[in-house]
Amino acid sequence: MPFVYDYGKALDELGLVKDNYYMAVYIPPTNKAFVFWVKGRVNSGYEVLHYGPLPLVSGLQCTGYTGNNLTVPATGVLPPANYCSPTPPLPPPPQLMPVPTNTNQANFMFYFDKSDKLFQLRMFIKPRWIRAELQVPPGVEQVQINGYYEGVSKPGGWARGYLDFIVFPGLTYGFVFGNDMVFGVMTGLDIIYGEYNVNLVTDLDVVYNVLTHQLPSAWFVFPVTHVDTTVNNEWVKYYGFTGFTVPQPGMPRSQWEAIARGELPR
Amino acid sequence: MSVARELKTFSGFATAAATTGTLYLYTSDMYVTGSSPYVPIPVLVIPYGMKAKIWGIRVSSTAAVTVQIQFSPNASSYYSGGTPSWATLDTENLASPGEIAIEFRRPIVVTSKYGTEGLQFVFASASSVQPNIAVDIEFVWGEVEE
Numbered sequence: 001m002p003f004v005y006d007y008g009k010a011l012d013e014l015g016l017v018k019d020n021y022y023m024a025v026y027i028p029p030t031n032k033a034f035v036f037w038v039k040g041r042v043n044s045g046y047e048v049l050h051y052g053p054l055p056l057v058s059g060l061q062c063t064g065y066t067g068n069n070l071t072v073p074a075t076g077v078l079p080p081a082n083y084c085s086p087t088p089p090l091p092p093p094p095q096l097m098p099v100p101t102n103t104n105q106a107n108f109m110f111y112f113d114k115s116d117k118l119f120q121l122r123m124f125i126k127p128r129w130i131r132a133e134l135q136v137p138p139g140v141e142q143v144q145i146n147g148y149y150e151g152v153s154k155p156g157g158w159a160r161g162y163l164d165f166i167v168f169p170g171l172t173y174g175f176v177f178g179n180d181m182v183f184g185v186m187t188g189l190d191i192i193y194g195e196y197n198v199n200l201v202t203d204l205d206v207v208y209n210v211l212t213h214q215l216p217s218a219w220f221v222f223p224v225t226h227v228d229t230t231v232n233n234e235w236v237k238y239y240g241f242t243g244f245t246v247p248q249p250g251m252p253r254s255q256w257e258a259i260a261r262g263e264l265p266r
Numbered sequence: 267m268s269v270a271r272e273l274k275t276f277s278g279f280a281t282a283a284a285t286t287g288t289l290y291l292y293t294s295d296m297y298v299t300g301s302s303p304y305v306p307i308p309v310l311v312i313p314y315g316m317k318a319k320i321w322g323i324r325v326s327s328t329a330a331v332t333v334q335i336q337f338s339p340n341a342s343s344y345y346s347g348g349t350p351s352w353a354t355l356d357t358e359n360l361a362s363p364g365e366i367a368i369e370f371r372r373p374i375v376v377t378s379k380y381g382t383e384g385l386q387f388v389f390a391s392a393s394s395v396q397p398n399i400a401v402d403i404e405f406v407w408g409e410v411e412e
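Protein chains in written order, with the numbering used here: chain U, 1 to 266; chain E, 267 to 412.
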């Protein structure tokens with residue numbers, strides 16, 4: 001799990017946050033974080049979801065790494081030496097549930113619109129050499145090296161076979177999947193997820209102790225390199241602000257509290 | 267650091283009986299319709315930055331046969347109409363009709379530094395044969411030696 005850290009046995013054997021623990025979601029480009037109290041996991045006992053093939057529909061246009069652009073030949077198949085962005089990005093598998101009436105949920109099965117809920121997703125893409133990129137929101141690349149936007153379309157490394165991230169309310173995410181093998185592959189997706197009932201923590205005493213790792217908590221790095229306006233707006237809509245500044249080591253607590261008070265919604 | 271690993275067994279088969287030939291590779295994740303490009307492959311190109319580790323190979327044939335694991339630094343040129351240059355990494359001899367199973371204590375490791383490197387499996391026999399192989403290849407990305 002490249003983006004999840006455990007400070008004090010807050011994670012279980014599936015890598016999900018245990019009930020009654022705190023979790024911080026750190027936003028690297030802003031050096032801010034949200035702190036949540038995980039009251040309970042809605043999907044206790046059924047955290048592993050076999051999604052099935054990647055949501056690549058037959059006929060979807062892909063882009064070739066060496067110019068040979070191909071279309072998806074059958075559901076869930078990634079053509080050889082091509083990458084594709086599924087549209088819709090992650091609909092519910094038809095065998096799992098009927099098509100939701102909410103368009104956002106029909107496009108992205110983990111979409112929700114409540115401030116007291118969060119999803120944590122760990123996506124295992126098969127075969128594991130499939131290159132994977134998360135876009136927040138869809139179409140907005142987040143992979144960056146020293147200011148240059150990169151991604152699955154480039155020949156370099158990046159994530160293969162695995163993504164993990166938090167889903168915030170009001171947002172849908174996008175994906176790009178690439179297959180740089182010389183043969184077409186039938187893909188698969190397994191998801192370990194936690195559907196948490198949470199409370200956003202605004203008590204500065206708790207927030208400070210979580211952000212300085214003095215309270216047992218899970219620490220998630222939100223895998224974005226810049227915060228899109230859409231994302232910022234949804235944070236303001238659901239939480240009233242865009243997170244607490246994470247204190248630097250050695251920063252007097254009183255100084256941090258003054259900053260944090262200014263960040264809290266009025 | 268996230269290391270991605272995928273261990274796959276490829277079956278290799280000859281399309282017709284012959285005294286020499288290249289084995290076409292198929293694996294359970296491969297989408298095959300019989301129409302190009304969705305066909306078993308004679309040349310396995312290793313994606314950019316990945317390693318292929320060959321952990322074991324089984325060879326079966328109705329007559330004695332030699333199977334060679336061959337490497338090319340420009341294997342990808344095969345798919346653009348070129349002719350890669352091949353070097354033999356390992357040779358397995360089936361001395362009589364039957365089957366041999368070889369597990370490598372240390373794998374044969376091929377690293378793709380340019381994204382063009384690849385493998386092929388060829389056979390040779392004194393008589394016309396149609397051998398089969400099954401080769402266990404682990405693809406690894408993100409394993410960096412310090």
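A virtual CB, placed ideally from N, CA and C, is assigned to each residue, including glycine. Since we're looking at a predicted model, the values are computed, not measured.
- The alpha carbon of residue 4 of chain U has as its nearest neighbour, out of U:219, U:262 and U:250, the alpha carbon of U:219.
- Measuring C-alpha to C-alpha distances from residue 340 of chain E to each of E:379, E:278, E:268 and E:316 identifies E:379 as the nearest.
- Contacts with chain E (Cβ-Cβ distance below 9 Å) from the region 176 to 206 of chain U involve 179, 180, 181, 182, 183, 184, 185, 186, 187 and 188, listed in chain order.
- In the DSSP assignment, residue 322 of chain E falls within the unbroken beta strand (DSSP E) covering 317 to 327.
- CA-CA distance, residue 330 of chain E to residue 365 of chain E, rounds to 10 Å.
- Our two residues, residue 347 of chain E and residue 31 of chain U, have alpha carbons roughly 51 Å apart in a direct line.
- Residue-level contact by beta carbon fails for residue 151 of chain U and chain E, as no gap is shorter than 8 Å.
- Looking at E:355, E:271, E:290 and E:315, the one whose alpha-carbon comes closest to that of residue 277 of chain E is E:290.
- With three or more CB-CB distances shorter than 8 Å, the region 349 to 367 of chain E counts as touching the region 318 to 338 of chain E.
- Neighbours of residue 235 of chain U in chain E, taken as residues at a C-beta separation under 9 Å, are lacking, since the least C-beta distance is about 27 Å.
- Using a Cβ-Cβ cut-off of 8 Å, residue 295 of chain E counts as an interface residue toward chain U, since at least one Cβ of chain U sits closer than that to its own.
- Contact between residue 141 of chain U and residue 148 of chain U is absent: CB atoms are separated by about 10 Å, not below the 8 Å threshold.
- Residue-level contact check: residue 343 of chain E does not touch chain U, since none of the beta carbons of chain U fall below 8 Å from its beta carbon.
- DSSP, reduced to helix, strand and coil, places residue 208 of chain U within a helical segment of the structure shown.
- Between residue 228 of chain U and residue 98 of chain U, the CB-CB gap reaches or exceeds 8 Å.
- When secondary structure is reduced to three states using DSSP, residue 373 of chain E falls in the strand class.
- For chain E, the residues of the region 116 to 148 of chain U that bring a beta carbon within less than 8 Å of one of its beta carbons are 126, 127, 128 and 129, in chain order.
- Under the Cβ criterion of 8 Å, residue 268 of chain E is counted among the residues facing chain U.
- Listed in chain order, the positions of the region 77 to 110 of chain U with a beta carbon within less than 7 Å of a beta carbon of chain E are 77 and 80.
- From the beta-carbon of residue 74 of chain U, the residues of chain E found nearer than 8 Å are 297.
- The Cβ of residue 387 of chain E sits no closer than 8 Å to any Cβ of chain U.
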